[in-house]
Amino acid sequence: MKFNLSAIASAIGFALVLNTSAFANVPNAGTLNRELEQRNIQPKIKPSGEMFNQASKTPYTAQDGQGLKFPLSRVQIFDRDQQETSAPELAGVLAKYVGKEVSLADLNHLANDITEFYRSNNYLVAKAIIPPQEIEQGVVRILLLKGNMGEVRLQNNSALSEKFVARLANTTVNSTEFILKDKLEKLALTMNDIPGVNTSLELSAGKKVGEANLLLKLNNAQRFSGYVSADNQGNKTTGRFRFALGAKANNLIGWGDELKLDLISSNNANLRNARLDYSSLIDGYATRLGVTANYLAYELGGNFKDLQSKGNSHSFGVYVWHPTIRTPDFRLNTKVSFNHQALTDKQQAVDVVQKRKLNSLTTSINGAWNNIKDGTSYFSLSALFGNLTNQTNERTHYVVDDFQPKSRFTVYQYSLSHEQMLPNAFGFTVGVNGQFTDKTLDSSQKMLLGGLSGVRGYQAGIASVDEGHMAQIELKHYLPLFSKSVLTSSVFYDYGIGKYYKNSRFLATGVENKVKVQSLGVSFSLSAAGNYAVNVSAAKPLGNKIKNADKHQFGFSVIKTF
1 MKFNLSAIAS AIGFALVLNT SAFANVPNAG TLNRELEQRN IQPKIKPSGE MFNQASKTPY
61 TAQDGQGLKF PLSRVQIFDR DQQETSAPEL AGVLAKYVGK EVSLADLNHL ANDITEFYRS
121 NNYLVAKAII PPQEIEQGVV RILLLKGNMG EVRLQNNSAL SEKFVARLAN TTVNSTEFIL
181 KDKLEKLALT MNDIPGVNTS LELSAGKKVG EANLLLKLNN AQRFSGYVSA DNQGNKTTGR
241 FRFALGAKAN NLIGWGDELK LDLISSNNAN LRNARLDYSS LIDGYATRLG VTANYLAYEL
301 GGNFKDLQSK GNSHSFGVYV WHPTIRTPDF RLNTKVSFNH QALTDKQQAV DVVQKRKLNS
361 LTTSINGAWN NIKDGTSYFS LSALFGNLTN QTNERTHYVV DDFQPKSRFT VYQYSLSHEQ
421 MLPNAFGFTV GVNGQFTDKT LDSSQKMLLG GLSGVRGYQA GIASVDEGHM AQIELKHYLP
481 LFSKSVLTSS VFYDYGIGKY YKNSRFLATG VENKVKVQSL GVSFSLSAAG NYAVNVSAAK
541 PLGNKIKNAD KHQFGFSVIK TF
């Protein structure tokens with residue numbers, strides 16, 4: 001095939017160095033990395049909901065009777081050491097009884113009201129008891145046992161080091177005199193976050209009156225797991241079909257550590273990617289320190305085959321992750337990460353080489369909240385502060401006026417979504433997400449409006465923008481099949497808007513900088529937790545389509561875990 005080298009050089013120079021909208025869809029190491037990041041999105045974790053049943057009501061029998069009544073003039077509260085104690089917080093509870101004629105049944109009601117008051121105020125096993133006594137001048141004694149913490153014992157049949165369990169206990173249940181509900185919940189929820197471990201908590205009577213012992217039972221969960229998968233969400237120029245395999249190992253050194261390895265290749269091997277992630281507990285607050293490494297290599301085919309376009313990227317990162325808040329109905333995580341990335345793109349037919357180095361610091365929070373019955377909201381916020389070093393051997397007259405070899409930039413991202421169950425096995429999901437920036441971005445930092453996590457009627461790389469916002473709504477139906485499988489059917493609508501470039505002053509006259517995409521589609525997913533998942537979807541773009549976009553998108557993926 002014959003082609004004009006000077007024309008191609010000019011085009012490639014603009015595509016890779018200037019990123020003008022006419023060539024915004026030319027894949028490179030940055031955009032291909034962003035496409036792969038869509039499949040690495042972590043599943044959302046729903047808060048567990050109520051963990052401990054605090055029911056304190058006891059049934060009343062005929063012996064409680066209403067026969068004998070007397071005027072109640074005063075209530076004395078005693079602790080477990082038989083010392084009278086002031087309890088001003090009980091004024092509202094006692095006011096309903098003091099100064100009135102009461103029966104034995106009323107006193108039992110009073111004891112239960114006191115028990116309920118303390119249990120609803122975080123004292124998990126509090127108990128008010130009316131001991132045997134002679135009532136004189138209407139004065140009644142009540143023994144209040146708030147529930148003191150006794151021994152904390154560990155029955156460890158897991159690979160997790162006992163020192164981390166002890167440190168977690170010291171920062172939660174052992175940090176207070178009493179058995180407090182929120183401390184016990186935080187310990188249970190934090191232990192549940194540790195991979196490769198199943199944890200159960202048991203309370204039993206202690207050696208002293210009003211005291212309870214805590215037993216932590218730890219057993220190994222699945223320490224080693226893996227998966228194989230296939231999908232058709234690859235880029236046309238590197239291979240539409242992608243195959244992946246991965247492995248995960250937990251508690252290799254007993255520090256609650258987790259090692260994950262993912263390998264991906266396109267069907268023609270024009271795209272190859274390896275990703276490694278390792279993290280471990282580092283303190284008694286369940287903080288994790290982790291490192292990541294990623295390598296990608298590609299060769300462009302299709303319309304770019306004759307240019308001999310190829311490239312690679314490699315990155316290394318370190319992060320600190322902390323479970324800031326853990327309650328049964330609310331989760332909040334905080335993360336700080338640093339990442340170094342080096343990207344290289346070459347067009348060997350015209351001897352064009354572009355190299356970029358990026359260093360970035362990201363702070364983020366994410367969480368989930370059971371804010372209404374059968375509904376959960378998810379949210380995330382992040383701020384990325386980066387600097388870019390850009391080198392190219394392209395000739396000077398191909399470089400745009402605002403090209404800078406070195407630059408600094410900031411990217412802010414947000415997401416908010418809500419999942420709601422409805423009657424008759426229906427449910428819906430609604431969400432918004434987007435990003436803002438202060439500078440025109442490198443392709444590795446742009447937001448993708450298409451793909452499975454974007455507007456699903458468009459391929460992932462069809463529209464990458466500096467600033468963009470998306471809204472999605474999906475109606476679902478869940479149908480149990482076979483013994484452990486669920487068929488999820490859904491209809492969805494996606495909408496996205498964005499700007500290709502933050503700084504549009506140097507765009508050619510008539511070049512449109514804004515983009516709007518929307519699509520409507522259906523999907524079906526057959527899955528069994530911890531076993532397999534088969535997903536198919538079809539979506540059609542609505543309104544004015546992007547030039548060269550497909551008329552529809554048909555997606556499928558299959559994954560088998562073991």
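In the UniProt record's numbering, the protein residues as written are 1 to 562.
For every residue, glycine included, the Cβ atom is placed at its ideal position computed from N, Cα and C.
When rounded, the separation of the alpha-carbon atoms in D466 and Y500 is 5 Å. For V536, the uninterrupted beta strand (DSSP E) run begins and ends at Y532 to P541, by DSSP. An exposed status is given to K96, since fewer than 16 other beta-carbon atoms sit within 10 Å of its beta-carbon.
Scanning the segment 437–481 from its first residue to its last, the whole beta strand (DSSP E) runs of 3-plus residues come out as 467–481. By the neighbour-count definition (other C-beta atoms within 10 Å, threshold 16), P541 is a buried residue. The C-beta separation of S200 from K217 comes to about 5 Å, placing the pair in contact by the 8 Å criterion. Closest by C-alpha distance to A221, out of Q435, G256, K406 and F78, is G256. The segment 147–154 makes no contact with the segment 238–253, as fewer than three CB pairs between them are under 8 Å.
For S175, the secondary structure class from DSSP, reduced to helix, strand or coil, is helix. The Cβ-Cβ distance between S504 and G521 does not fall below 8 Å.
For I114, the three-state secondary structure derived from DSSP is helix. With contacts defined by Cβ atoms closer than 8 Å, S519 and G457 form a contacting pair. A residue is called buried once 16 or more other Cβ atoms fall within 10 Å of its Cβ, and N393, having fewer, is exposed. For the options L289, G301, S464 and H314, the alpha carbon positioned closest to that of N273 is the one of H314. Under the 10 Å beta carbon count, V517 is surrounded by 16 or more other beta carbons and is classified as buried. By the Cβ-count criterion, P71 is exposed, with fewer than 16 other Cβ atoms from all chains shown falling within 10 Å of its own Cβ.
The beta-bridge partner set that DSSP reports for K346 consists of K310 and V353. Within 10 angstroms of the beta-carbon of G543 lie fewer than 16 other beta-carbons, which makes it exposed.
Per DSSP, reduced to three states, the secondary structure at N268 is coil, with no helix or strand assignment. By the 16-neighbour rule on beta-carbons within 10 angstroms, V102 is buried. Membership of K44 in any beta strand (DSSP E) is not indicated, and neither H nor E is assigned to it by DSSP. Classified as buried, N28 has 16 or more neighbouring CB atoms from the shown chains inside 10 Å of its CB. Burial of G498 is indicated by the presence of at least 16 other C-beta atoms within 10 angstroms of its C-beta.
The Cβ atoms of P195 and N250 lie closer than 8 Å to each other. Contact check for I473 and I546: beta-carbon distance about 22 Å, past the 8 Å limit, so the pair fails to qualify. When the five nearest sequence neighbours on each side are left out, the beta carbons in the same chain lying within less than 7 Å of the beta carbon of S453 are those of Q38 and I41, in order along the chain.
Taken atom to atom, the span from the alpha-carbon of A212 to that of Q133 is near 26 Å. Burial check for I142: the Cβ neighbour count within 10 Å reaches 16 or more, so the residue is buried. The residue from T429, A539 and A549 with its alpha-carbon nearest to that of G555 is A539. The segment 373–384 makes no contact with the segment 340–359, as fewer than three CB pairs between them are under 8 Å. For E202, there is no enclosing alpha helix (DSSP H); the enclosing beta strand (DSSP E) covers residues V197 to A205.
CA-CA distance, D113 to L422, rounds to 36 Å. With contacts defined by Cβ atoms closer than 8 Å, R80 and L189 do not form a contacting pair. Residue pairing by DSSP places M149 opposite A212 in a beta bridge.
Note on geometry: alpha-carbon atoms of L160 and K146 lie some 32 Å from one another. Membership of G226 in any alpha helix (DSSP H) is not indicated; the residue belongs instead to the beta strand (DSSP E) covering F224 to D231.
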